[in-house]
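Per my numbering: the sequence shown = residues 265 to 727. All residues carry an ideal CB built from backbone N, CA and C; glycine is no exception.
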Amino acid sequence: MAKPDYLQCTTCGKQQPYEPFVPALCKHCASQWLEAHYDYEAFKREVLRRLPSRPSNMWRYQDVLPLNDPSALDLYPAGGTPLWLSQRFAPGLGHDHVYIKDERYGPTSSFKDRQAAVAVAAMNENNIRESVIASTGNAAVAYAAACARAGIKLWVFMTSLVPQEKLREAALFGAEVIRVSGNYDQTKQIAAQFAQRRNLHLDRGASSVPARESMKTIAYEIVEQLGWRAPDWYIQSVSGGLGPLGVYQGFKEMHQMGLINKIPKLAIIQVEGCSPMVRAFKAGRDVAEPVIPDTRIIILSTGDPGKSYTYLWNIIQAHGGTMESVTDAEAFAAMRALAKSEGMAVEPATSVAFAGLEKMLKEKKISSDETVVVNCTGHTFPVEKHVLGDQWAVDVHLSTDQTPAPREGLQAALENLDEKTTSVLLIDDNADDALLIRRLLGSRKNYRMHHAKDGWEGLAMAR
Ligand SMILES: Cc1ncc(COP(=O)(O)O)c(C=O)c1O
Ligand SMILES: [Zn+2]
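Next up, the structure:
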């Protein structure tokens, strides 16, 4: 049984029972920030026994995920992604302890697969057969895949600015895709209205307990992969902030259990054209003003982060960290540099984190003995064109006097018959086709025609 023992309000400290899919709201002070609490003593004993016979994916940590009985569910195998030591990208910038948490190894290549896995398992457990999600792209694809496997009908709302390939990928998994010609914040509202009108379950992103809790597994994996050691920094590109909020929760739990001796500093990296969090952070404010996104990196286009910013602000005040922005161009440059130095193709949303790392290293915000982990996600397509420009290949044009490559097919064969040809041996096992070809040839010239039904017969006739 891994169901949270209770939810605790981070504002007034009061406790209340966990109810799945009821928006987490403190019944005493109306705060929306409630933390799930589990039987940590039991889980710590398991950890100290080295988690025997656990799966090597995120369900390894199912004791601290909000499900009643995970063993009764078909658990979607997300997580369990590798952690690589950067071999050339970070050393090229003078740092030897940068690790890359490679979330490209998830079922749809993004860290949102974890969110989809827990949310869909919770839907299954609560007999929810139809759901609605608004997404900047990757969450939609991840949910679409996980819902397909669970046989849950999914309505996906995305802005029409999301790369069409991502929209199509969600559709391929059988989701109903609704393209909204507005920005992401408007799209979220439309999705919420749709879910309300039809009385359907709506995924609430950062304020959904299953969604947020799923991200803890990134922290648990990192710490286990580092030999039960916490890194000094955790760096992630941020849109709505769900990722680092959930990851922080994992570090916090491990710290409270005494499994690690510190909580890493968070580095929140946003793209300059949509950086409401960074603006507020630099101005020393704990509330972010919404912005209208202006970036090609649509995946990171949450213009109004709402309360998530304030929670991240509080975490950074308590444990250290920073918020930085990088331009689209800096992100695309980092994407190329990472591909060339590590052999890793990542998507622009991830390259924002690497550009942020580069900036922080250049500005000496990270000292050379600190261990850094960067969340890395996603596939490159379909934005290579923005990254590579026009000069990405050398074209070789053959001059017209060169012999063209031989073409195949009937038309090509007919064209290759020269003037001197008078006899044609036609080898075809289909009488109708043979008749058609005879007619075609007959319309060109009065050839002497021979027809064989197979290669052996044809060879014999030719001899
Ligand atoms: C690759 C990638 N990085 C970062 C983010 C930001 O996510 P969030 O701010 O919700 O953690 C997303 C969101 O979809 C993403 O797909
Ligand atoms: Zn409260």
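Item to check | alpha helix (DSSP H) runs wholly inside the stretch 277-340, at least 4 long, in chain order | outcome: 304-312
Next on the checklist: Just to check my reading of the structure: Pro-495 and Val-636 have Cβ atoms closer than 8 Å, yes? What is that Cβ distance to the nearest angstrom?
Outcome noted: 6 Å
Checklist entry - Quick one: what does DSSP say Tyr-363 is sitting in, helix, strand or coil? => result strand
Item to check | Boundaries of the beta strand (DSSP E) in which Asn-751 is found, first to last residue | outcome: Look at the range of the chain in this structure, 265 to 727, and you will see that residue 751 is not part of it.
Checklist entry - Between Met-713 and Val-660, what straight-line distance do the alpha-carbon atoms span, to the nearest angstrom? => result 42 Å
Checklist entry - Is Gly-446 helix, strand or coil when you go by DSSP? => result coil
Item to check | DSSP-derived helix/strand/coil call for Val-511 | outcome: helix
Next on the checklist: Distance check for Glu-429 and Gln-520, CA to CA, integer angstroms please.
Outcome noted: 43 Å
Item to check | Where Val-426 falls: helix, strand or coil (DSSP) | outcome: coil
Checklist entry - Can we say the stretch 306-315 touches the stretch 339-349, given the rule of at least three CB pairs closer than 8 Å? => result no
Checklist entry - Helix, strand or coil for Glu-611 per DSSP? => result coil
Checklist entry - Using DSSP with H/G/I as helix, E/B as strand and the rest coil, what is Phe-596? => result helix
Checklist entry - Pick out every residue whose C-beta is nearer than 5 Å to a heavy atom of ligand 2: which are they, in chain order? => result Cys-273, Thr-275, Cys-276, Cys-290, His-292, Cys-293, Ser-295
Next on the checklist: Spatial neighbours of Arg-493 within its chain, please: C-beta separation below 6 Å, excluding the five flanking residues on both sides.
Outcome noted: none
Checklist entry - Residues in its own chain within less than 6 Å of Gly-438 by CB, not counting five upstream and five downstream? => result Ala-412
Checklist entry - Whose C-alpha, out of Asp-550, Glu-394, Leu-315, Pro-569, is nearest the C-alpha of Pro-557? => result Pro-569
Checklist entry - Comparing alpha-carbon positions, which option in Val-396, Gly-358, Leu-523 lies nearest Gln-460? => result Val-396
Next on the checklist: Check for me: the alpha helix (DSSP H) holding Gln-489 runs from which residue to which?
Outcome noted: 480-489
Next on the checklist: Determine, for Pro-554, whether the minimum Cβ-Cβ distance to residues of chain D falls below 8 Å.
Outcome noted: Of the protein chains in the structure, only one exists, and it is not chain D.
Next on the checklist: Taking the straight line between their C-alpha atoms, what separation do you get for Ile-576 and Arg-600?
Outcome noted: Going by the sequence as given, residue 576 is Leu instead of Ile. Leu-576 and Arg-600: Cα-Cα distance of roughly 30 Å.
Next on the checklist: Please classify Pro-281 as buried or exposed, where buried requires at least 16 neighbouring CB atoms within 10 angstroms.
Outcome noted: exposed
Checklist entry - Where DSSP assigns a beta bridge to Ala-398, which residues make up the other side? => result Phe-421
Item to check | Buried versus exposed, by CB contacts within 10 Å (16 or more), Cys-640 | outcome: buried
Checklist entry - Based on Cα-Cα distance, which residue from Leu-564, Gln-457, Ala-381, Gly-415 lies nearest to Pro-427? => result Leu-564
Next on the checklist: Need the endpoints of the alpha helix (DSSP H) that Glu-389 sits in, please.
Outcome noted: 376-389
Checklist entry - Considering only the beta carbon of each residue, do Glu-394 and Leu-331 sit closer than 8 Å? => result no
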